[in-house]
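2 protein chains.
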Amino acid sequence: MKTQTILLASRPKGLPTAEQFQFETIELPTPSVGQVLLKTLYVSVDPYMRGRMNEGKSYVPPFTVGEPIAGGAVAEVLESQNEALPVGSVVVGNLPWQQYSLADGKGLNRIPTDKAPVSYFLGLLGMPGLTAYFGLLDICQPKAGETVVVSGAAGAVGMVVGQLAKIAGARVIGTAGSDEKVAYLKQLGFDEAINYKTTPDIAQALAAAAPNGVDCYFDNVGGPITDAVYDLLNKHARIALCGQISSYNDTEAPVGPRPEGKLLKTSAKLQGFIVSDYFSRWPEGVRKLTEWYGQGKLQFEETITEGFDQIPAAFLGLFTGENTGKAIVKVA
Amino acid sequence: MKTQTILLASRPKGLPTAEQFQFETIELPTPSVGQVLLKTLYVSVDPYMRGRMNEGKSYVPPFTVGEPIAGGAVAEVLESQNEALPVGSVVVGNLPWQQYSLADGKGLNRIPTDKAPVSYFLGLLGMPGLTAYFGLLDICQPKAGETVVVSGAAGAVGMVVGQLAKIAGARVIGTAGSDEKVAYLKQLGFDEAINYKTTPDIAQALAAAAPNGVDCYFDNVGGPITDAVYDLLNKHARIALCGQISSYNDTEAPVGPRPEGKLLKTSAKLQGFIVSDYFSRWPEGVRKLTEWYGQGKLQFEETITEGFDQIPAAFLGLFTGENTGKAIVKVA
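Line by line, the protein sequences are chains A and B. For the first sequence, UniProt numbering begins at 1 and goes up steadily by one. For the second sequence, UniProt numbering begins at 1 and goes up steadily by one.
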């Protein structure tokens with residue numbers, strides 16, 4: 001079986017370009033005992049993958065130059081030598097950027113096809129949804145009447161965070177990078193949404209949107225938005241530090257106002273996390289998110305690009321703010 | 001009864017000077033019902049008081065220009081119209097910088113005179129000791145074998161933090177500003193102590209002292225020492241943010257490398273706090289600290305300046321790193 005694969009051609013400096021991605025065609029052997037042959041249906045492109053393109057420790061080990069890039073994907077079992085994964089079953093897991101791949105079943109989870117679109121297991125019911133679930137509910141613990149700010153609110157994680165905060169009874173403010181996204185956030189039930197690209201003074205806009213201060217901050221972005229939120233923290237504020245997409249392509253260590261004095265004055269907590277910290281609680285998270293989705297309490301949005309050859313472009317689009325919600329590539 | 005009092009003459013810009021302090025003599029009336037006349041024995045000078053000299057919200061409300069400066073003090077009851085505080089009893093509480101003062105008993109606690117020197121209720125068994133106790137044991141929760149870094153380790157809080165971390169079985173590294181302080185920390189049982197003023201590369205020195213990385217950081221200082229510790233954090237590190245004395249006299253908002261990326265990679269927690277957050281647990285803290293002190297497991301050091309008129313000088317000395325341990329002024 002022949003398949004195309006996308007290798008990391010070189011490590012990017014700053015913003016990645018098409019040059020970092022090398023398409024090759026390889027031959028896959030037939031599955032041996034315990035293995036399955038998978039046909040990739042959907043590939044997930046995620047901001048965290050930018051970190052894996054650098055050398056050195058990030059959340060997760062770096063990609064290797066000359067090897068396939070890998071990430072979240074939904075695939076169908078075409079051939080099986082593994083009883084746990086019969087032909088026709090649909091799985092989610094970490095797979096190479098390939099049309100077809102061989103896997104031994106480790107780290108793959110079968111997913112139902114009747115609860116939600118299967119691509120949602122890369123979004124609302126997958127890594128981004130669980131990131132929102134644990135970061136907001138475990139770290140921030142918003143209470144009814146409190147004010148929650150979410151940066152990168154129109155992203156796959158942020159839009160779930162805001163809706164979960166509404167379920168908790170909080171006032172929710174989101175920042176996003178276009179008027180379309182702002183309109184979408186309002187439609188999702190956000191109390192306030194701010195277009196950080198067109199607002200002349202983001203600090204003033206946030207202060208106006210949060211007249212009672214900020215109790216919880218779910219940060220996907222970092223940089224000046226985060227600096228402004230730090231100035232609005234209430235006593236005992238909780239910050240879930242989930243991402244810093246504003247600096248992922250920086251070539252020098254980012255510099256800014258020191259936050260410590262502000263966190264000290266307010267006895268605030270800032271907690272970095274990655275969804276794998278909560279690995280043992282994933283089933284709980286998937287169950288709750290599926291339940292709320294089934295009850296119509298959670299909406300979700302995908303930006304679906306079609307075609308295997310569009311994976312690099314979809315990935316690069318993450319850093320120019322082109323997508324609303326979960327960026328997905330439909331491969332087959 | 002006449003007493004001298006020290007008023008805040010003006011708000012300092014940057015490092016305070018003698019000009020900020022105005023001595024006056026005032027007349028105290030005799031105590032009315034419920035009141036006591038107190039003779040100040042010891043006055044505590046503490047870094048947090050610098051924040052109260054500024055306008056605007058800090059931990060605690062600002063001092064008022066033209067009014068007495070107030071802080072922790074130990075005093076003896078000279079006259080009493082309050083049954084709970086008989087003549088001769090010794091109390092600790094927040095009192096104006098005066099030789100004598102009137103108080104209504106609220107916020108004053110009687111202290112034993114047979115457990116430790118009464119001035120220790122301004123140090124080891126008072127605010128600094130409790131700050132160390134709750135910040136280290138509640139926020140950092142060091143485990144046996146882990147590595148704990150304490151900045152400002154020869155201060156009243158830091159020296160208790162280090163000893164409590166040793167009681168917990170951790171490896172303890174302290175930073176301080178003189179060779180005498182470093183020698184004292186070694187004598188207290190610190191595994192490593194670094195003179196940040198004479199060490200050419202603090203980041204390198206910390207890395208060498210913490211070959212297994214840093215699990216807990218108790219930060220009194222901020223600035224470059226803190227930046228260096230952030231680079232050494234282990235996964236799930238815990239940081240108790242207690243003070244930022246390196247920036248208390250800054251006239252502009254301090255700028256530095258953004259820490260968020262480092263906290264994110266390590267799923268680290270950074271928790272600001274003030275000892276009053278733990279008010280309901282103070283009795284527990286005093287009991288445990290008194291017990292360890294009685295067992296010889298905790299040592300404590302004071303720098304005692306004599307004379308009421310020396311209070312401003314003792315306070316200013318906090319910012320030039322002159323004192324080891326708790327800075328106290330013996331008034332009577």
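For every residue, glycine included, the Cβ atom is placed at its ideal position computed from N, Cα and C. Keep in mind it's a predicted model, so treat the numbers as computed, not measured.
Per DSSP, the bridge partner or partners of residue 73 of chain B: Sequence index remark: in the second sequence, residue 73 of chain B carries index 73 (1-based). For residue 73 of chain B, which the question treats as bridged, DSSP gives the partners B/43, B/93.
- Task: Count the other C-beta atoms from every protein chain shown that fall within 10 angstroms of the C-beta of residue 265 of chain A, then say buried if there are 16 or more, exposed otherwise.
- Result: Counting from 1 along the first sequence, the entry for residue 265 of chain A is found at position 265. Per the 10 Å Cβ criterion, buried.
**OP:** Report yes if the C-beta distance between residue 164 of chain A and residue 136 of chain A is below 8 angstroms; otherwise report no.
**Re:** For the purposes of this step, residue 164 of chain A is taken as the residue at position 164 of the first sequence. For the purposes of this step, residue 136 of chain A is taken as the residue at position 136 of the first sequence. Closer than 8 angstroms, so yes.
So is residue 269 of chain A in contact with chain B if we call contact Cβ pairs under 8 angstroms? If you number the first sequence from 1, residue 269 of chain A lands on position 269. Yes, residue 269 of chain A counts as interfacial toward chain B.
**OP:** Report the rounded CA-to-CA distance for residue 44 of chain B versus residue 324 of chain A, giving the unit in angstroms.
**Re:** Position 44 of the second sequence, counted from the first residue, corresponds to residue 44 of chain B. Position 324 of the first sequence, counted from the first residue, corresponds to residue 324 of chain A. If I take the Cα positions, the gap works out to 57 angstroms.
Fill in: When B/22, B/64, B/113 are compared against residue 41 of chain B, the one with the closest alpha-carbon
In the second sequence, the residue the question calls residue 41 of chain B occupies position 41. Checking every option, the nearest Cα to that of residue 41 of chain B belongs to B/113.
- By Cβ distance, which residues of its chain are closer than 6 angstroms to residue 215 of chain B, with the 5 residues on each side in sequence left out? Looking up residue 215 of chain B in the second sequence gives position 215. Taken in chain order, the residues that qualify are 146, 147, 234, 237.
With DSSP collapsed to three states, give me the class of residue 64 of chain A. As a position in the first sequence, residue 64 of chain A is number 64, starting the count at 1. It is coil, neither helix nor strand.
Residue from A/260, A/115, A/244 whose Cα sits closest to the Cα of residue 253 of chain A: Taking the first residue of the first sequence as position 1, residue 253 of chain A is located at position 253. Closest by alpha carbon: A/244.
| If you count every other CB in all the chains shown that lies within 10 Å of the CB of residue 193 of chain B, and 16 or more means buried, which is it? | Taking the first residue of the second sequence as 1, we reach residue 193 of chain B at position 193. Classification of residue 193 of chain B: buried, given that the 10 Å Cβ count is 16 or more.
Tell me the DSSP secondary structure of residue 258 of chain B in three-state form. The count along the second sequence starts at 1 and reaches residue 258 of chain B at position 258. Here residue 258 of chain B sits in coil by DSSP.
Compute the Euclidean distance between the alpha carbons of residue 268 of chain A and residue 19 of chain A, then round it to the nearest angstrom.
Sequence index remark: in the first sequence, residue 268 of chain A carries index 268 (1-based). Sequence index remark: in the first sequence, residue 19 of chain A carries index 19 (1-based). In a straight line, the C-alpha of residue 268 of chain A is about 43 angstroms away from that of residue 19 of chain A.
task: Under 6 angstroms Cβ to Cβ from residue 181 of chain B, same chain only, skipping five residues before and after it: list those, please.
output: Working through the second sequence from its first residue, we reach residue 181 of chain B at position 181. Closer than 6 angstroms at the Cβ level, and outside the excluded window around residue 181 of chain B, lie 154, 324.
*Using a cut-off of 7 angstroms between C-beta atoms, extract the partners of residue 244 of chain A located in chain B.*
Looking up residue 244 of chain A in the first sequence gives position 244. Here the neighbours are 260, 261, 264.
Runs of beta strand (DSSP E) lying entirely within the region 136-184 of chain B, each at least 3 residues, in chain order:
147-150, 171-176
Contact criterion: CB-CB distance below 8 angstroms. Does residue 150 of chain B meet it with respect to chain A?
Position 150 of the second sequence holds residue 150 of chain B. With 8 angstroms as the cut-off, residue 150 of chain B does not count as an interface residue toward chain A.
Drop a sphere of 10 angstroms on the beta-carbon of residue 204 of chain A, count the other beta-carbons inside from all chains shown, and report buried for 16 or more, exposed for fewer. Working through the first sequence from its first residue, we reach residue 204 of chain A at position 204. Residue 204 of chain A should be labelled exposed.
Paired residues, beta bridge with residue 219 of chain B - DSSP | The count along the second sequence starts at 1 and reaches residue 219 of chain B at position 219. Answer by DSSP bridge pairing, in chain order: B/241.
| message | Give me the subset of the region 115-129 of chain A whose CB atoms are less than 7 angstroms from a CB atom of chain B, sorted by chain position. | response | none
Q: Since I believe residue 14 of chain A is in contact with residue 220 of chain A (beta carbons under 8 angstroms), could you give me their beta-carbon distance rounded to a whole number of angstroms?
A: Counting from 1 along the first sequence, the entry for residue 220 of chain A is found at position 220. Counting from 1 along the first sequence, the entry for residue 14 of chain A is found at position 14. The distance from the Cβ of residue 220 of chain A to that of residue 14 of chain A is about 20 angstroms, inconsistent with a contact at the 8 angstroms cut-off.
Legend entry - Reduced DSSP category for residue 315 of chain B - H, G, I as helix; E, B as strand; rest coil: As a working mapping, residue 315 of chain B is identified with position 315 in the second sequence. Residue 315 of chain B falls in the helix class under three-state DSSP.
For a quick check, are the C-beta atoms of residue 188 of chain B and residue 162 of chain B less than 8 angstroms apart?
Residue mapping note: residue 188 of chain B aligns to position 188 of the second sequence, counting from 1. Residue mapping note: residue 162 of chain B aligns to position 162 of the second sequence, counting from 1. A contact, by the Cβ cut-off of 8 angstroms.
- prompt: residue 8 of chain B lies in the beta strand (DSSP E); which residues open and close that run?
  reply: In the second sequence, the residue the question calls residue 8 of chain B occupies position 8. Under the DSSP assignment, residue 8 of chain B falls in the beta strand (DSSP E) whose first and last residues are 2-8.
### Message
Run through chain A and tell me which residues come within less than 9 angstroms of residue 375 of chain B, C-beta to C-beta.
### Response
With chain B covering only 1 through 332, there is no way to say anything about residue 375 of chain B.
With a threshold of 16 other CB atoms inside 10 Å of the CB of residue 32 of chain B, please say whether the residue is buried or exposed. Walking along the second sequence from the start, residue 32 of chain B turns up at place 32. That one is exposed.
Residue range of the beta strand (DSSP E) that residue 22 of chain A falls in?
Against the first sequence, residue 22 of chain A aligns to sequence position 22. Start and end: 21-27.
Proximal chain A residues relative to residue 274 of chain B, where beta-carbon distance stays under 7 angstroms:
As a position in the second sequence, residue 274 of chain B is number 274, starting the count at 1. Here the neighbours are 267.
Does residue 56 of chain A get closer than 8 angstroms to chain B when you measure Cβ to Cβ? The residue you call residue 56 of chain A lines up with position 56 of the first sequence. Chain B contact via Cβ: absent.
- In terms of residue numbering, what span does the beta strand (DSSP E) encompassing residue 208 of chain B cover? Taking the second sequence and counting its residues from 1, one reaches residue 208 of chain B at position 208. Looking at the DSSP string, residue 208 of chain B is not in any beta strand (DSSP E); the run it does join, the alpha helix (DSSP H), is 202-209.
Between the C-alpha atoms of residue 4 of chain A and residue 227 of chain B, what's the straight-line distance to the nearest angstrom?
Taking the first sequence and counting its residues from 1, one reaches residue 4 of chain A at position 4. Taking the second sequence and counting its residues from 1, one reaches residue 227 of chain B at position 227. The straight-line gap from Cα to Cα measures roughly 45 angstroms.
Worksheet item: Are three or more beta carbon pairs between the region 92-103 of chain A and the region 63-78 of chain A nearer than 8 angstroms?
Response: yes
Checklist entry - Buried or exposed: which applies to residue 166 of chain A, given that a residue is buried once 16 or more other Cβ atoms fall within 10 Å of its Cβ? => result Locating residue 166 of chain A in the first sequence gives position 166, where the first residue counts as 1. Its Cβ being crowded by 16 or more others within 10 Å, residue 166 of chain A is buried.
Determine the chain B residues that contact residue 222 of chain A at a beta-carbon separation under 8 angstroms, and present them in chain order. By 1-based counting over the first sequence, the position of residue 222 of chain A is 222. Those within 8 angstroms of residue 222 of chain A in chain B are 258, 260, 261.
Quick one: what does DSSP say residue 124 of chain A is sitting in, helix, strand or coil?
Indexing the first sequence from 1 puts residue 124 of chain A at position 124. Here residue 124 of chain A sits in coil by DSSP.
Return the residues of the region 87-116 of chain B that lie within a Cβ-Cβ distance of less than 8 angstroms from chain A, sorted by chain order.
none
Determine, using beta carbons only, whether residue 157 of chain A and residue 128 of chain A come nearer to each other than 8 angstroms.
Within the first sequence, residue 157 of chain A is the residue found at index 157, counting from 1. Within the first sequence, residue 128 of chain A is the residue found at index 128, counting from 1. Going by C-beta atoms, residue 157 of chain A is nearer than 8 angstroms to residue 128 of chain A.
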